[in-house]
Amino acid sequence: MARSAFAIRAGGAAALLVAALILAPLAAVFLRAGGAGWPTPGDWSAVRFTLLQAALSALFSAILAIPVARALARRRFPGRGLLILAMGAPFILPVIAAITGLLMLFGRNGVINAGLISLGLPPIEIFGLHGVLLAHVFFNLPLATRLLLEGWRAIPAERFRLAAQMNLPPATVFRLLEWPMLRQRLPGVMAVIFAICLSSFAVVLVLGGGPAATTIELAIYQAFTFEFDLARAATLALLQLALVSLAALLALRVARSDGLGTGLDRLVQRWDDTLSLKAMDAAVLIAACLFVTAPILLLLIRGLSSLPLMPAEVWEAAGISIAVALASTVIAVVLGFALALPRHALTDSLGMMTLAASPLVLGTGLFLLIRPVAFPGDHVLALTALVNAAAALPFVLRSLGPDLAAVEQGYGRLGDSLDLTGWSRLRWLILPRLRRPLGFAAGLAAALSMGDLGVIALFPPPDSATLPLQIYRLMGAYRMEAAAAASLLLVVLSFGIFALFDRIGRHAET
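Residue numbers (the numbering used here): 5 to 514.
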């Protein structure tokens with residue numbers, strides 16, 4: 005009971021902070037706008053397109069991630085760790101830089117279209133719904149793979165050993181061991197991706213192909229930038245908040261929390277090793293590797309050729325971005341861990357709701373709240389770190405929640421018998437078994453903050469800039485070569501900070 009009281013207090017305090025972070029800025033925008041109006045036909049069109057592309061993106065990303073995660077879970081080969089690490093690259097890439105790589109590969113003048121034209125075949129068109137889906141799968145397939153791979157790691161090795169002793173065929177192994185894990189984890193994975201795509205902005209802006217492909221987030225941006233219509237922005241923000249909240253609640257209701265059992269932490273060894281399965285897994289991994297790495301390699305080649313043209317102010321911006329990323333990581337991990345402790349649907353829902361709240365609306369609301377007591381421009385970097393932490397919170401929560409539940413289910417009674425409560429339980433039971441997901445969650449939060457161009461683009465400070473904002477300024481000045489070199493630096497820093505935290509988590513577990 006003492007442990008439960010500690011978890012409830014920590015989760016309750018975090019829930020109150022998150023609720024205030026969401027509701028206070030929204031209230032400030034509503035009050036300044038004089039309330040929200042009824043959605044226009046254009047707003048409902050944006051809602052329909054948002055739901056369509058988000059649902060298809062979540063479905064394709066999760067379904068395609070299953071064979072990739074399964075192949076990684078049951079194969080051991082040289083470079084496997086590097087491949088798993090590389091699977092996180094698309095999701096942590098700055099969106100504009102990643103879209104540039106996709107256009108280099110799939111665009112009208114891209115490598116694939118050049119090959120098709122040389123063969124006398126018609127080129128493919130990347131702009132429109134199919135282009136948006138392609139980009140979303142590129143970003144979210146690796147995330148879904150990593151989250152599902154953690155599920156395969158949670159299945160005790162003794163289960164697979166027993167299945168081999170009983171000479172069970174691969175289909176039966178999947179039905180009895182792997183499908184229960186997927187049934188438990190897939191709804192949460194799909195809900196996170198669905199919520200990500202609900203708030204899609206840059207992807208639709210570049211690849212949407214016209215007014216018919218407008219998401220709610222893009223409509224909010226247009227309401228702020230072109231019309232400064234706070235009432236319309238508030239209405240759209242309310243719609244987005246309701247949609248993502250419903251998606252989160254549905255996922256929590258559908259997801260199952262059946263235990264997978266507890267083992268002795270042995271390395272998982274698989275015996276379903278037929279030649280056909282090896283060939284199938286190899287083909288899946290090669291295809292996934294090509295899909296993930298080709299746009300990144302094209303981007304790196306262009307950036308390397310432009311490195312001598314990178315201005316000195318880029319390095320100052322890089323230092324600012326690292327400081328903002330570290331601050332937002334601390335906030336996101338602490339809040340996410342506290343929200344996961346009670347293992348309650350309410351705290352899980354609040355953690356997911358930060359994805360529902362538009363970062364543009366949150367940033368504007370925070371500026372309105374600060375304005376009566378201080379000049380907001382003096383605190384733009386702190387507000388950026390706070391909004392970035394809110395955006396990363398759902399990923400931290402989804403990374404830690406299932407593993408924390410598994411620890412309590414497998415070792416909770418042992419902890420109770422040893423009278424481990426409060427901080428002692430946290431230090432000796434929970435944290436040592438959560439080092440891997442904690443490292444992954446921290447790396448993800450830091451990388452997402454490194455590449456974010458949201459609030460700071462609405463209220464840019466005159467004498468400083470983060471690296472994404474500096475790239476945006478270089479592009480606005482038509483210094484495309486310098487922007488490409490700065491993009492390469494941003495990619496290296498984002499991937500490097502993710503790899504550092506992820507490696508710390510994995511190394512601490514060995």
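All C-beta atoms in this analysis are idealised placements derived from N, C-alpha and C, irrespective of residue type, glycine included.
- Boundaries of the alpha helix (DSSP H) harbouring residue 149: 133–158, taken from the DSSP string.
- Around the beta-carbon of residue 182, 16 or more other beta-carbon atoms lie within 10 Å, marking it buried.
- Within the model, the alpha-carbon separation for residue 47 versus residue 219 is close to 9 Å.
- Here the alpha carbon of residue 457 sits roughly 28 Å from the alpha carbon of residue 440.
- Scanning its chain for C-beta atoms nearer than 8 Å, with the 5 sequence neighbours on each side dropped, one finds around residue 384 the residues 459, 460, 463, 464, 465, in chain order.
- If you draw a straight line from the Cα of residue 19 to the Cα of residue 30, it is about 17 Å long.
- Annotation: residue 123 to residue 281 spans about 34 Å, alpha carbon to alpha carbon.
- In this structure, DSSP gives residue 456 a state outside helix and strand, which the three-state scheme calls coil.
- DSSP places residue 483 outside both helix and strand once states are collapsed to three, so it counts as coil.
- Between the alpha carbons of residue 347 and residue 241 lies a distance of about 28 Å.
- According to the DSSP assignment, residue 319 belongs to the alpha helix (DSSP H) that extends over 317–344.
- The region 401–412 makes no contact with the region 370–380: fewer than 3 CB pairs, one atom from each, lie closer than 8 Å.
- Contact holds between the region 483–500 and the region 311–326, because three or more Cβ pairs, one in each stretch, are under 8 Å apart.
- Per DSSP, residue 42 lies in no alpha helix (DSSP H) segment and is marked neither H nor E.
- Put simply, the region 221–240 does not touch the region 169–180. Fewer than three CB pairs are less than 8 Å apart.
- Straight through space, the alpha carbons of residue 217 and residue 135 are spaced by roughly 11 Å.
- Taking a cut-off of 8 Å for Cβ pairs, the region 432–450 and the region 68–78 do not touch, as fewer than three such pairs fall below it.
- Contact between the region 362–370 and the region 295–306 is absent: fewer than three C-beta pairs spanning the two stretches fall below 8 Å.
- Per the coordinates, the alpha-carbon of residue 14 lies some 5 Å from the alpha-carbon of residue 342.
- Comparing alpha carbon positions, the residue from 54, 80, 89 closest to residue 507 is 89.
- Contact check for residue 116 against residue 109 passes: the beta carbons are separated by less than 8 Å.
- Excluding sequence positions up to five before and after residue 42, its CB lies less than 6 Å from no other CB in the same chain.
- Within the same chain, Cβ atoms closer than 6 Å to the Cβ of residue 292 are found at 72, the five residues on either side in sequence being excluded.
- A Cβ-Cβ contact shorter than 8 Å links residue 150 with residue 91.
- Non-local C-beta neighbours of residue 326 in its own chain, meaning closer than 8 Å and more than five positions away in sequence, comprise 454, 497, 501, ordered along the chain.
- With respect to the C-alpha of residue 107, the residue from 473, 356, 392, 302 having the closest C-alpha is 302.
- In the structure shown, residue 310 adopts coil according to DSSP, grouped into three states.
- In the structure shown, residue 172 adopts coil according to DSSP, grouped into three states.
- In this structure, residue 372 and residue 33 form a Cβ contact; the two beta carbons are roughly 7 Å apart against a cut-off of 8 Å.
- In this structure, residue 202 lies near residue 244, with their beta-carbon atoms less than 8 Å apart.
- Scanning 473, 184, 169 for the CA closest to the CA of residue 319 turns up 473.
- Taking C-beta atoms as the reference points, residue 211 and residue 139 count as a pair closer than 8 Å.
- In terms of Cβ geometry, residue 199 and residue 356 form a close pair [threshold 8 Å].
- For a cut-off of 8 Å, the C-beta gap from residue 321 to residue 471 is around 5 Å, short enough to register as a contact.
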